[in-house]
Each structure stands twice: as structure tokens, then as C-alpha cells.
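Going by our numbering, the sequence shown opens with residue 4, and the numbers climb by one from there.
We treat Cβ as the ideally placed atom computed from N, Cα and C, and that holds for glycine.
Have a look at the structure below, then the notes.
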Amino acid sequence: MPEFVPGLDLSGAFYAEVVGPLLETWPHVAARIGAGSDVLGLDTSRSTDHGWRPQVTVFVDSGDVSVVEEAVEAGLPDSFTDWPVRFGWDEAAVSHHVEVTTCSEWCIKQLGVDPAAGLDSTDWLLMPQQKLLETTAGAVFHDPAGTLGRVREQLRWYPDDVWRWILASQWHRVAQEEAFVARAVEVGDELGSRIIIARLARDLMRVWFLLCRAYWPYDKWLGSCFRRLPGNRPLFAALTDAVGCSDHAEREAALQAAFHLAAQGHNRFDPARTVDTEPRLFHTRPWKVLMADRLAEACLAGITDPSLRRLPLVGTVGQAATAPTSSPTPPAPAPYIACTTPTTDQHR
């Protein structure tokens, strides 16, 4: 087995020494973007057992795709730095992994839309964050006209109104389950309480991603990418305690600390619309929560797009796909965010 090097370094050298010289005749863009732990800089020697080898995506004009594919197929060696150039895994047949396409076709395959045609709010809400991350992470090896660079810059982060609406939806997710932790313990459901805490921990981590203007990955890499975010250490410690403590009172205290820290981060994001960050009693019941819909309302107050303000707070496609099963109607004075799905009583 060859010595492991980070995949981005391997693919960069593969382009510089092999692929690039094959493409000197044609204007092109070359990058390592898309799926793969190496794109996120999270690959290790373990990654080499599954779909990890030299890989490059090449963008050319539509009329050049076929001829460039032929040149690549004819010119590639069998190996590069002792790593096979043609490989397969699972159901993937053995082949080389120099993808030749157009920028537009690649974006439509990756995101469902070509950003060059313009993006509206609905487009943004239908693009999974993992896919946006895969498009804006990785490395660009050759882009003399800035074609891919412009697309990546366009997708670097959400428009402000969309961002606020997504953050409002994320806080609403927290509001839906924050009172269930102690209630589960009260009826002797220790396992259920721990599961709810774990869900809330993930939701608070995602809040922090949004506050840091960073796309979150799918769950395998959520903790790894969370550790990279600025200012994460206090929240990381509180969430670790909340998930790991054996005593339910200690877990609840750690979760309340996490609520407080995440809300403080929210206030720094929008100092014009700060909220009280201290957890408070859940109505007349003897446990404290953040009452996180207050933060959702603060986000909505900063949105100027009336079409977004009218939407129910179900979130992006990625948020909705992991939505809590309970969907209580948000409190007044925000009737424009009332859920259209059947509701349940949050007090039950």
C-alpha cells in the first residue's frame, strides 16, 4: 500500500503532472470538488479502502467534451505514485475518475440547478447543505477565466433573507423538542430523554453552523466540521456534557448552558434584535428551557422578503427531512409562520 497523503494533495499533483499536460490543447477548468471525504479535508488512511484515489473534474465547452474524454482515456497511465488510476468500489465499475463535463451540466447534476441562470429563494431552500459544501469546498487546480470561481463565490453563502429564514426554522426545531427532555425523565423514560438530548445537541450544533456562515455536512462529519468552527469550545463542552452525563439533573443543567451559549451567539449575529438568553421555566412546569421560538421571531423580524415571511417554518430540504414529528403552531404574534401540517399539543 502506498504511503497515504491527503486526497486533495494527491489529486492536485495528478492534475499537474498527468491530466493538465493532456489538456493543453483545450481551454478548461480543473478541480477536485463533489462527493468524498478528501474534498472536506477529512480523509485518512481509512478512506483509501473505498472510492479514494486520484480524482479530477474537468470542465470544458460542450463541443469539446467528447474529444477531451477521448484524449484523457488514451493518455492516462495505469497508476500514479503507485495508486491505481482506474478503480471501482461497491457497485461502481472499475474506471478512471477524471470526469469531463461542462460547468452547467455538473451543477445541475450536483445541485439540481445551474447557478449561472440565477437563483431565487426556492432554489436556495431546495439545495442540500451537503451539496453546497461539496461545491464550495475542495480545491481548484486550473481556472484561468474564473468560471468555476464565480460559481463557487455565488454559492459561498445564502442571501441574507434566506439565511435568516433558515436560522428561524432551526430555532423553531429546537422549540419543538426542548421541553421533552425533562418530561421523558419524569415518566421514567431515561433512554427517550437521552435520545431527545442528542437530537437537540445536533440542532444546536446546526444553529452554530448557521451563525458561523458555514454549511453543515451530513451526520458522519458533523462533529468533525463543528470542531473547526470559530468560538465553538464552550458550546462543544456543554453539549458533550449534556449527551454524556449519567445524572439527568446534570444533563439538564448542561443542556441549559448550551441553550444559553447558542442564544448568546445568536445575539452577536443580530445585535439589533437581541433576546434574553437565560433559560426560563416552561410555563408552570418545573424545568427550564430556552423558549427558542423567541429567537425564531427575532430572525423573522429582520426579513424583508414577504414571500419568505409567509412560509411555514419547515426549513430547507435538509431540515425538513429530519424534522421533529411534533409540529406545534408557533406562538403569536407571528401568525404568518403557523405550520400547515397537523399539530400536536406540546404539553402532552
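Residue span of the beta strand (DSSP E) that contains residue i, given as start and end
{"i": "E102", "result": "101-104"}
{"i": "V246", "result": "Element bounds for V246: not the beta strand (DSSP E) but the alpha helix (DSSP H), 236-247."}
{"i": "F144", "result": "142-145"}
{"i": "V32", "result": "32-35"}
Delimiting residues of the alpha helix (DSSP H) encompassing residue i
{"i": "H251", "result": "251-272"}
{"i": "V278", "result": "Here V278 belongs to no alpha helix (DSSP H), and DSSP marks it neither H nor E."}
{"i": "W168", "result": "163-180"}
{"i": "R202", "result": "193-214"}
{"i": "G91", "result": "Per DSSP, G91 belongs to no alpha helix (DSSP H); it is in the beta strand (DSSP E), 89-92."}
{"i": "T139", "result": "132-139"}
{"i": "F62", "result": "Not the alpha helix (DSSP H): F62 falls in the beta strand (DSSP E), residues 59-62."}
{"i": "A187", "result": "183-189"}
{"i": "G115", "result": "G115 -> no alpha helix (DSSP H), and no H or E assigned at all."}
{"i": "R312", "result": "309-312"}
{"i": "V68", "result": "68-78"}
{"i": "V42", "result": "Taken as a continuous stretch (DSSP letters only), V42 belongs to no alpha helix (DSSP H), as it is neither H nor E."}
{"i": "W224", "result": "Careful: W224 lies outside any alpha helix (DSSP H) and carries neither H nor E."}
{"i": "V8", "result": "Taken as a continuous stretch (DSSP letters only), V8 belongs to no alpha helix (DSSP H), as it is neither H nor E."}
Through-space distance from residue j to residue i, alpha-carbon basis
{"i": "L284", "j": "K291", "result": "4 Å"}
{"i": "P5", "j": "V97", "result": "19 Å"}
{"i": "T277", "j": "Q133", "result": "30 Å"}
{"i": "E102", "j": "P131", "result": "22 Å"}
{"i": "A256", "j": "I200", "result": "12 Å"}
{"i": "C110", "j": "D279", "result": "42 Å"}
{"i": "V143", "j": "P30", "result": "15 Å"}
{"i": "A204", "j": "V246", "result": "8 Å"}
{"i": "T47", "j": "W224", "result": "13 Å"}
{"i": "A171", "j": "Q322", "result": "11 Å"}
{"i": "R236", "j": "L242", "result": "10 Å"}
{"i": "D273", "j": "W166", "result": "12 Å"}
{"i": "A185", "j": "H263", "result": "17 Å"}
{"i": "D117", "j": "W92", "result": "29 Å"}
{"i": "S50", "j": "H100", "result": "16 Å"}
{"i": "V190", "j": "A261", "result": "24 Å"}
{"i": "V188", "j": "M294", "result": "19 Å"}
{"i": "W211", "j": "L258", "result": "15 Å"}
{"i": "G37", "j": "S14", "result": "13 Å"}
{"i": "K112", "j": "A16", "result": "26 Å"}
{"i": "D308", "j": "T319", "result": "16 Å"}
{"i": "G268", "j": "D244", "result": "19 Å"}
{"i": "R89", "j": "H145", "result": "22 Å"}
{"i": "Y18", "j": "Q58", "result": "9 Å"}
{"i": "L314", "j": "D85", "result": "54 Å"}
Closest Cα partner of residue i within the set the options
{"i": "L45", "options": "D12, W92, P289, D244", "result": "D12"}
{"i": "H53", "options": "D85, Y18, M130, E94", "result": "E94"}
{"i": "I169", "options": "A16, I306, Y18, P9", "result": "I306"}
{"i": "R153", "options": "T125, Q179, D126, G121", "result": "G121"}
{"i": "D192", "options": "E180, A204, L203, H251", "result": "H251"}
{"i": "S249", "options": "Q179, L194, L207, S227", "result": "L194"}
{"i": "T28", "options": "D67, S50, Q58", "result": "D67"}
{"i": "L213", "options": "R202, I198, F229, S50", "result": "F229"}
{"i": "D163", "options": "D117, W211, S124", "result": "S124"}
{"i": "H175", "options": "D206, L158, A16, P147", "result": "D206"}
{"i": "V8", "options": "V70, S69, F83, E76", "result": "F83"}
{"i": "R254", "options": "S172, P87, R197", "result": "R197"}
{"i": "P147", "options": "V61, L43, G10", "result": "V61"}
{"i": "L114", "options": "T138, H99, G91, W92", "result": "T138"}
{"i": "R202", "options": "V190, Q173, S227, E189", "result": "Q173"}
{"i": "A77", "options": "P24, S107, S227", "result": "P24"}
{"i": "D64", "options": "D85, R49, E108, H99", "result": "E108"}
{"i": "D222", "options": "A324, S310, P309", "result": "A324"}
{"i": "R231", "options": "L43, Y18, G10", "result": "L43"}
Residue burial classification, residue i (beta-carbon count within 10 angstroms, cutoff 16)
{"i": "D296", "result": "buried"}
{"i": "T105", "result": "buried"}
{"i": "R155", "result": "buried"}
{"i": "S40", "result": "buried"}
{"i": "S329", "result": "Residue confidence is low: S329 scores 42 on pLDDT, short of 50, so the model does not pin down where it sits. No coordinate-derived value is stated."}
{"i": "E73", "result": "exposed"}
{"i": "V177", "result": "buried"}
{"i": "E20", "result": "exposed"}
{"i": "E180", "result": "buried"}
{"i": "A299", "result": "buried"}
{"i": "W219", "result": "buried"}
{"i": "S310", "result": "exposed"}
{"i": "A182", "result": "buried"}
{"i": "G149", "result": "exposed"}
{"i": "A335", "result": "Unreliable positioning characterises A335 in this predicted model, as indicated by a pLDDT of 35, which lies under 50. A coordinate reading is not provided."}
{"i": "A301", "result": "buried"}
Cβ-Cβ separation, residue j to residue i (assumed contact under 8 Å), whole Å
{"i": "A265", "j": "L303", "result": "Going by Cβ atoms, the distance from A265 to L303 rounds to 18 Å, so no, they are not a contact pair."}
{"i": "V22", "j": "L151", "result": "So it is not a contact: roughly 15 Å between Cβ atoms."}
{"i": "A34", "j": "G141", "result": "6 Å"}
{"i": "R209", "j": "W160", "result": "In fact, because the Cβ distance is near 15 Å, the residues do not count as touching under 8 Å."}
{"i": "P87", "j": "R56", "result": "6 Å"}
{"i": "L158", "j": "L135", "result": "6 Å"}
{"i": "L26", "j": "V71", "result": "7 Å"}
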